[in-house]
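Single-structure report; data block below.
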Amino acid sequence: MNIILIGFMGTGKSVIGKLLAAHLEFDFLDTDILIEERTRMRIPEMFAGPGESYFRSLEAEIAQELLNLDRRVVATGGGFALNPENMKAIRQSGVVIALSAPPAEILARIKDDGQRPLLQTPDPLARILELLEKRAPVYGQADFTIDTSGKTKENIVAEIESELIRRRVLDGRS
Ligand code: S3P
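Next up, the structure:
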């Protein structure tokens, strides 16, 4: 059983995923990092060069690989779950948790990092709102959603753990 984090850019999937994995003694896997390692390219380079569809095909490969893995906490890129085949695979491979945050907080968290090609526009907040509106129904297919705003990382991990225990995904002894 894996634990897969989905949700928009800047909702904390990588940071929380890493902490959650350490806490549960699961291995951690970050799909963006795995793609960068496999291609030896940074994501902005990949979008500018081979293109977004190449990046999405690598995400789709990883989604299928997850079916053969166990005890992983997986942080996915914000667009990973939009491919219905990917969503099907992650649901089959474990519990899917969406992380969320208000648009203004998303912008504040990621505005200066230059690593998100989709937000390199003159009005990133408008772009965030537009993408969020399109993607909300997909993120809503997660088993449950955790709002990350105004909480410490430790609180978020604890909240996820208690929800997993409540749902009997974890046994509560750890
Ligand atoms: C994307 C999100 C990014 C990365 C790529 C595309 C998206 O991941 O996969 O830039 O489509 O939302 P993060 O959610 O980790 O920023």
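With the working numbering applied, the sequence shown covers 1199 to 1372. We put the beta carbon where it would ideally sit given N, CA and C, even for glycine. These figures come from a predicted structure and were not determined experimentally.
- Distance from the CA of I1358 to the CA of D1230, rounded to the nearest whole angstrom, comes to 22 Å.
- I1354 and E1234 have their C-alpha atoms roughly 27 Å apart.
- The Cβ atoms of A1296 and I1204 sit closer than 8 Å to each other.
- Under a 10 Å Cβ-count criterion, N1284 is classified as buried, with 16 or more other Cβ atoms of the shown protein chains found around its own Cβ.
- Runs of the alpha helix (DSSP H) spanning 4 or more residues and lying entirely within the stretch 1291-1342 occur at 1301-1308, 1322-1337, in chain order.
- Excluding residues up to 5 positions away in sequence, M1207, G1208, R1314, L1317 lie with their Cβ nearer than 8 Å to the Cβ of I1308 in the same chain.
- DSSP places N1200 in the uninterrupted beta strand (DSSP E) bounded by 1200-1204.
- The secondary-structure analysis by DSSP pairs L1227 across a beta bridge with V1272.
- Boundaries of the alpha helix (DSSP H) harbouring N1353: 1351-1364, taken from the DSSP string.
- Linking M1199 to F1278 through their CA atoms gives a straight-line distance of about 19 Å.
- In the pairwise beta carbon analysis, the stretch 1263-1273 is classified as touching the stretch 1215-1223: at least three pairs are separated by under 8 Å.
- Counting along the chain, the unbroken alpha helix (DSSP H) around S1255 starts and ends at 1250-1263.
- DSSP places M1244 in the uninterrupted alpha helix (DSSP H) bounded by 1241-1246.
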